[in-house]
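Numbering (this note's numbering), first residue to last: 90 to 347. Don't be surprised by glycine CBs; every beta carbon is placed ideally from N, CA and C. Working notes, beginning with the structure itself.
Written out as structure tokens, the structure reads:
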């Protein structure tokens with residue numbers, strides 16, 4: 090496992106494609122050949138409760154990946170295969186309530202992907218009402234239950250988290266509680282009411298978890314913003330800027346020695 094994390098830290102490219110519900114599947118990722126260090130597909134629902142929740146979310150007009158659970162294993166193998174055409178490592182963002190129901194799908198993901206990313210970030214009410222998504226970071230015991238079993242997959246485990254949902258000290262304490270069970274943090278530096286990312290909190294997290302891979306995220310859409318966030322992270326991730334076709338600066342960053 091340590092070898093795999095060392096390989097991640099040695100990647101030349103420093104930009105990650107973040108997961109976007111209903112958008113970042115294999116077909117989307119393969120359009121961006123040689124652009125990203127890691128492409129993240131998902132988020133994907135791995136049990137009945139989250140599948141039903143995703144169908145409810147779709148009724149509100151939001152995009153989701155609502156994949157029939159019986160067809161999921163074949164589906165995800167194909168999506169990972171397509172995503173690899175980007176020449177990036179492939180991470181799969183997942184959510185579930187019942188890890189026992191989800192486990193067979195996690196095994197399939199672990200066999201074919203490079204990273205598994207547990208969604209501790211979603212704020213859709215249909216998901217948070219299940220006690221997962223961003224609610225997971227309030228429940229360190231449930232988080233530990235999930236991660237203890239996921240550790241058996243022998244694959245790097247990242248947590249996609251959101252700043253400023255719970256106090257920073259509580260977030261750090263809860264992450265320390267499960268410190269031995271994850272390898273990276275994908276941090277949405279959400280700063281309520283501010284037109285910029287919360288880099289101070291990211292810096293604190295990076296210092297506290299210097300042994301982990303840190304991906305910084307939030308409104309990165311230029312070379313300057315990326316370089317600023319990379320002061321406190323190993324990678325930055327992007328989403329909306331890619332949808333807008335604003336990727337020239339990513340190519341420029343890839344060509345620089347930072």
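Asked: Taking 8 Å as the threshold, find out whether the segment 278-290 comes into contact with the segment 117-127 through three or more Cβ pairs.; Found: no
Asked: How many Å lie between residue 185 and residue 206 at the Cα?; Found: 12 Å
Asked: Report the three-state DSSP secondary structure of residue 290 (helix, strand or coil).; Found: helix
Asked: In whole angstroms, what is the alpha-carbon distance linking residue 253 and residue 340?; Found: 31 Å
Asked: Quick one: does residue 192 have its CB under 8 Å from some CB of chain D?; Found: Given the protein chain composition of this structure (a single chain), no chain D is represented.
Asked: Check whether the Cβ of residue 328 sits closer than 7 Å to any heavy atom of the ligand GDP, and report yes or no.; Found: Among the components modelled here there is no ligand, and therefore nothing to report on the ligand GDP.
Asked: Is residue 175 buried or exposed, if buried means 16 or more other CB atoms sit within 10 Å of its CB?; Found: buried
Asked: Kindly identify the DSSP beta-bridge partner or partners of residue 277.; Found: 251, 306
Asked: Grab me the residues of residue 235's own chain with a C-beta within less than 7 Å of its C-beta, minus the 5 sequence neighbours each way, in chain order.; Found: 188, 207
Asked: If you count every other CB in all the chains shown that lies within 10 Å of the CB of residue 152, and 16 or more means buried, which is it?; Found: exposed
Asked: CA-CA distance, residue 315 and residue 309?; Found: 6 Å
Asked: Helix, strand or coil for residue 321 per DSSP?; Found: coil
Asked: Please confirm if the segment 155-168 is in contact with the segment 222-238, defined as three or more CB-CB distances below 8 Å between the two stretches.; Found: no
Asked: Just verifying my parser: in three-state terms, what is the DSSP assignment at residue 130?; Found: strand
Asked: With burial defined as no fewer than 16 other Cβ atoms inside 10 Å of the residue's Cβ, what is the status of residue 332: buried or exposed?; Found: exposed
Asked: Determine the closest residue to residue 319 out of 328, 171, 304, 220, with distance taken between C-alpha atoms.; Found: 304
Asked: For residue 342 versus residue 104, is the C-beta distance shorter than 8 Å?; Found: yes
Asked: Specify the secondary structure class of residue 175 as computed by DSSP and reduced to three states.; Found: helix
Asked: What does the alpha-carbon distance come out to for the pair residue 249 and residue 277?; Found: 7 Å
Asked: Grouping DSSP H, G and I as helix and E and B as strand, with all else coil, what is residue 106?; Found: strand
Asked: What does residue 205 pair with, by DSSP beta-bridge criteria?; Found: 181, 246
Asked: Go ahead and label residue 133 buried or exposed: buried means 16 or more other beta carbons lie within 10 angstroms of its beta carbon, across all protein chains shown.; Found: buried
Asked: So if DSSP puts residue 327 in a beta bridge, which residue, or which two residues, is it bridged to?; Found: 106
Asked: Cutting at 6 Å between CB atoms, please list the residues of its own chain near residue 244, excluding the five before and the five after it.; Found: 199, 205
Asked: Output needed for residue 328: all residues of its chain with C-beta closer than 6 Å, excluding positions within five of it in sequence on either side, in chain order.; Found: 107, 109
Asked: Out of 302, 344, 317, state which residue places its alpha-carbon closest to the alpha-carbon of residue 94.; Found: 302
Asked: Would you give the residue range spanned by the alpha helix (DSSP H) that residue 239 belongs to?; Found: 229-240
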